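Novice: Numbering-wise, this note's numbering puts 391 at position 391 of the sequence shown, and it's gapless, one number per residue. This is the structure I have questions about; it appears just below.
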Amino acid sequence: MPICKIHREPATHMCECRKQLICERCQPEHSGFEHTKITTQELGRSYANHINKQLLQLDERLGRYSTTTAGKINFITTEYINGMHAMVDDFKRAVAKRYQMIQDTFEPFQKIDDKALEMKEIADELAEMDDVPDDVLDKMALCEQNLAEIDNSFGTIGEINEKTDELEGEIDTDIRDELAEFRDYIEDLFLTFRFPMDYDDVNFAERSGGLKKGKGKGAAYMGSGTGNVKKGKGALRIENEKYAKGGNEDDIQVDIEEEFEVIEGRTYKGHSSWIQDIIRLGSNQFATCDEKGMIVLWNKKVNKQKSISATTSNGGSESVHCLTTAGSSNDWIVGGCSSGSLFFVNVASSQKRMVEEFMDDTILGITSLKQYKGKFVVAQDAQFTIKLFDIDLLIDSSVMTDPKKLAQLEITQRPKSKDDRQDLYFGDNKIIELRNSNYGKTKKWFSTFILSCVTTTRKVNLYVIEMHIRRKYGLCSCKKRYEFNHQFLKSFKFDHSPTSICELSDDKIAIATGKYIKVMDIKGSHEAGVIYEGHEDRIRSLAKITKKVKAFLVRDNKKKKPIVKDAHYIISAGSDLQIRIWKVPVVWPSQKLNVVNDAWDTEKEDNCIMAVETKHTDMISALIYSKEEIITASKDYLVKMYRIQGSRKAEEEEGDDTLLLKTNQYADPDLNP
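Written out as structure tokens, the structure reads:
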């Protein structure tokens, strides 16, 4: 029963104005309109909700504090100090154990030493005697032998003491090294704090993470980025930004025309089955894989090739469906195979290793995470399951653990319908990491973003992956353990199944859906964008070309301010055996387009600047762009190269020697009907 503090009697009400418990004797003092009173029974019923509200506010404040510079330093420092305390405790226990071992070692020798002194005294007394029996002389010789062995044992004890001193020195060195590493880590951390957190409403569920957990289909990611975040149902909604260089997009006049001349080059022969994928290894090198499990390394400069077969433990071979480079120097090729196996090939030494049945189904998409220096790779199988793994663990043949248990992160995105749980649509780049866009550039070092094609449900899903390093300090070592978590951010829905993704820049991505290509802003509404139409059949592969172009910012038809922008071109190919080159708008409109049908009319604007009829006789499976060359891989077992040359044209304004690039083809359609 609550007590009134003034009269020490049972309280019947609480005055909300003064936040005071009152009894019946206090009632006259708390009368009037300015005093609002509630009974203690009602207060008891609402007190639990009040406490929960206070706890939620405290949790929110703690979450906000953990994202500040002081909060992060406090967390990292606390974690490190705890680790140092643990290391010191281990050191103390080890020293105590070593001391006890030395004591236990010395104890029997001390007893022997006492007996040895007694034996020496007896020997001296016997030596003074004139007549010594033969049996006594034999015992004296045995004693001398035992004494010599005792001296050797004491020498061994001296060696033990020296090794103990060396061990203590090594421990001191390790501690100094750890302190130096921690100091460097703190310096790197301060460097990362130079990049501002652009989100205002930030609340991390974990002290070192950037994930805000919520109910429903994905909660908003509150990591670093650009723009103002609005929380939405299962999606990250970001307001459009104005043009960074100043002014609105309709103030910018741009006219870039490219005449691409395509010259057919060399044809590479070396496969005997359907070529599934192609990747770039260097300026003059690339690799291809086929349905029979053959990976071929090509060198354009010296016109050489090297074939490596993906053989299993029983001597058979598995189809290799997709490739990626991995490792800190991209010195490994990782292939995704049928039956969920992974095939590793070292580019320099041709060392190979097959990790069988890593995933439950055929691997159809794979990419290394460049944010983590290529050490980790994500793969997606035909059931749309994504797994993340450390290539060092899988390459190490001494690791005998079940391969399926070596996955450090698993994302299950199986559709609800059983008929939609199998990927039946062929295409390359079904899973990519965002690297070139501002969405990827502004993230912190421990997080990265991936896009995944779920073809049967006609969706592309966006996830954020975060890495946390856990350090375990031992007596003479510090072991690092990597932990990962993920969160679904948003999903893009299309009219046709997506088969390939290509990242452009400035948060723009291109997605092949059926025989169409949609270019869209990943931060904005997925209903806005540009749709390219021209292919006669399904598109299987996308690549990009980037060139620097000059444009002018015009204000009031008087001032001309030159700016430099990246002009992007998309290369597409697929089942119609054509290669098409598309131009992407240099300036993106500020207004959101409400529906897909309101996108720019690509037929009138003629955004396809070139269509090339190739000499392939079957579907083009994949293509890459490398040093003014387009290299295609086909189901007809051939690899073909096409060299492109472009010349830029522009219109000069009369009476002005300044080149003014002018057109309104990229302007907002509402402004130019």
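Think of the CB as a built atom: it goes at the ideal place given N, C-alpha and C, for glycine as much as any other residue. Note that this is a predicted model, so its numbers are computed, not measured.
Answer with buried or exposed for Asp277, where buried requires no fewer than 16 other C-beta atoms within 10 angstroms of its C-beta.
Specialist: Per the 10 Å Cβ criterion, buried.
Novice: Quick one: residues in its chain with C-beta nearer than 7 Å to the C-beta of Phe358, no 5 flanking neighbours on either side, listed in chain order?
Specialist: These residues qualify, in order along the chain: Gly340, Ser341, Leu342, Pro403, Lys404.
Novice: Going by beta carbon distance, what residues of the same chain come within less than 6 Å of Gln285, once the five residues before and after it are set aside?
Specialist: Same-chain partners within the cutoff: Asn299.
Novice: State the beta-bridge partners of Lys269 as determined by DSSP.
Specialist: The partner list for Lys269 (beta bridge, DSSP) reads Leu638.
Novice: Could you spell out where the beta strand (DSSP E) holding Ser447 opens and where it closes?
Specialist: That run of the beta strand (DSSP E) goes 447 to 454.
Novice: What does a CB cutoff of less than 7 Å around Thr312 pick up in its chain, not counting 5 residues either side in sequence?
Specialist: Glu318, Met354, Glu356, listed in sequence order.
Novice: Note down, in chain order, each residue of its chain lying with its Cβ closer than 6 Å to the Cβ of Ile509, except the 5 sequence neighbours on either side.
Specialist: Same-chain partners within the cutoff: Glu503, Ile522.
Novice: Let me check one thing: in DSSP terms, what residues is Tyr516 bridge-paired to?
Specialist: Answer is Thr513, Glu533, bridged to Tyr516.
Novice: Among the residues of its own chain, which have a CB less than 6 Å from the CB of Arg435, if the five just before and after it don't count?
Specialist: Contacts found: Lys370.
Novice: Compute the Euclidean distance between the alpha carbons of Lys649 and Ile511, then round it to the nearest angstrom.
Specialist: Confidence is the limiting factor: at Lys649 the pLDDT is only 42, short of 50, which leaves the residue's position unreliable, though a coordinate-based value still follows. For Lys649 and Ile511, the distance between alpha carbons rounds to 29 Å.
Novice: Going by the beta-carbon positions, is the gap between Ser497 and Asp428 smaller than 9 Å?
Specialist: No, they are not a contact pair.
Novice: According to DSSP, is Arg280 part of a helix, a strand, or is it coil?
Specialist: Residue state, collapsed to three classes: strand.
Novice: What is the rounded straight-line gap between the Cα of Met14 and the Cα of Arg61?
Specialist: Straight-line Cα distance between these residues: approximately 28 Å.
Novice: What span of residues does the alpha helix (DSSP H) with Glu60 cover, start to end?
Specialist: Taken as a continuous stretch (DSSP letters only), the alpha helix (DSSP H) holding Glu60 covers 40 to 67.
Novice: Taking the alpha-carbon positions, what's the Cys322 to Val302 distance?
Specialist: Those two C-alpha atoms are separated by around 25 Å.
Novice: Secondary structure at Lys72, three-state DSSP: helix, strand or coil?
Specialist: Reduced to three states, the DSSP call for Lys72 is helix.
Novice: Would DSSP call Asn597 helix, strand or coil?
Specialist: Here the model assigns Asn597 a pLDDT of 35, short of 50, so the residue's position is not dependable, and the following value carries that caveat. If DSSP states are grouped into helix, strand and coil, Asn597 belongs with the helices.
Novice: Which residues in the same chain have their Cβ closer than 6 Å to the Cβ of Gly232, if we skip the five residues on either side of it in sequence?
Specialist: Legend: pLDDT at Gly232 = 29, less than 50; position of this residue unreliable, no value from coordinates given.
Novice: DSSP three-state call for Gly83: helix, strand or coil?
Specialist: Reduced to three states, the DSSP call for Gly83 is helix.
Novice: Using DSSP with H/G/I as helix, E/B as strand and the rest coil, what is Glu340?
Specialist: According to the sequence as given, residue 340 is Gly; it is not Glu. Looking at Gly340 - three-state DSSP - the assignment turns out to be helix.
Novice: Which same chain residues, not among the five before or five after Cys143, have their C-beta less than 6 Å away from its C-beta?
Specialist: Cβ neighbours of Cys143 beyond the five flanking positions: Met119.
Novice: Curious, which full-length beta strand (DSSP E) runs of at least 3 residues does the stretch 295 to 344 contain?
Specialist: Those beta strand (DSSP E) runs which fall completely within the stretch 295 to 344 and span 3+ residues are 304 to 309, 320 to 326, 332 to 337.
Novice: Roughly how many angstroms lie between the CA atoms of Met59 and Cys4, to the nearest whole one?
Specialist: Strictly speaking, residue 59 in this sequence is Asp, with Met absent from that position. Taking the straight line from one Cα to the other gives about 32 Å.
Novice: Should Ser398 be labelled buried (16 or more other beta-carbon atoms within 10 Å of its own) or exposed?
Specialist: Exposed, by the Cβ-count rule.
Novice: I need the boundaries of the beta strand (DSSP E) containing Ile363, first residue and last residue.
Specialist: Run containing Ile363: 363 to 368, per the beta strand (DSSP E) assignment.
Novice: Can you check which of these residues, Lys479, Asp576, Val464, is closest to Arg471 by C-alpha distance?
Specialist: Of Lys479, Asp576, Val464, the residue nearest in Cα terms is Lys479.
Novice: Would you tell me roughly how many angstroms separate the C-alpha atoms of Ile679 and Ile81, rounded to the nearest one?
Specialist: Since the first and last residues shown for the chain are 1 and 673, residue 679 lies out of range.
Novice: Looking at Ile631: is its Cβ nearer than 9 Å to the Cβ of Tyr569?
Specialist: No. Outside cutoff.
Novice: Taking 8 Å as the cut-off, does the stretch 344 to 352 touch the stretch 410 to 428 (at least 3 CB pairs, one atom from each stretch)?
Specialist: At 8 Å Cβ cutoff, the stretches do not touch.
Novice: Do you know how far the Cα of Thr69 is from the Cα of Tyr268?
Specialist: Tyr268 and Thr69: Cα-Cα distance of roughly 55 Å.
Novice: Between Leu394, Met140, Ser273, which has its C-alpha nearest Met294's C-alpha?
Specialist: Checked all of Leu394, Met140, Ser273; the closest Cα to Met294 is Ser273.
Novice: Specify the secondary structure class of Phe389 as computed by DSSP and reduced to three states.
Specialist: Strand, per DSSP.
Novice: Which value, in whole angstroms, describes the spacing of the CA atoms of Glu483 and Thr513?
Specialist: Going from the Cα of Glu483 to the Cα of Thr513 covers about 35 Å.
Novice: Buried or exposed: where does Met467 fall if 16 or more other Cβ atoms within 10 Å of its Cβ makes it buried?
Specialist: So Met467 ends up on the buried side.
Novice: Going by beta-carbon coordinates alone, are Thr324 and Ser368 separated by less than 9 Å?
Specialist: The answer is yes: Cβ separation under 9 Å.
Novice: Is His271 buried or exposed, if buried means 16 or more other CB atoms sit within 10 Å of its CB?
Specialist: Result: buried.
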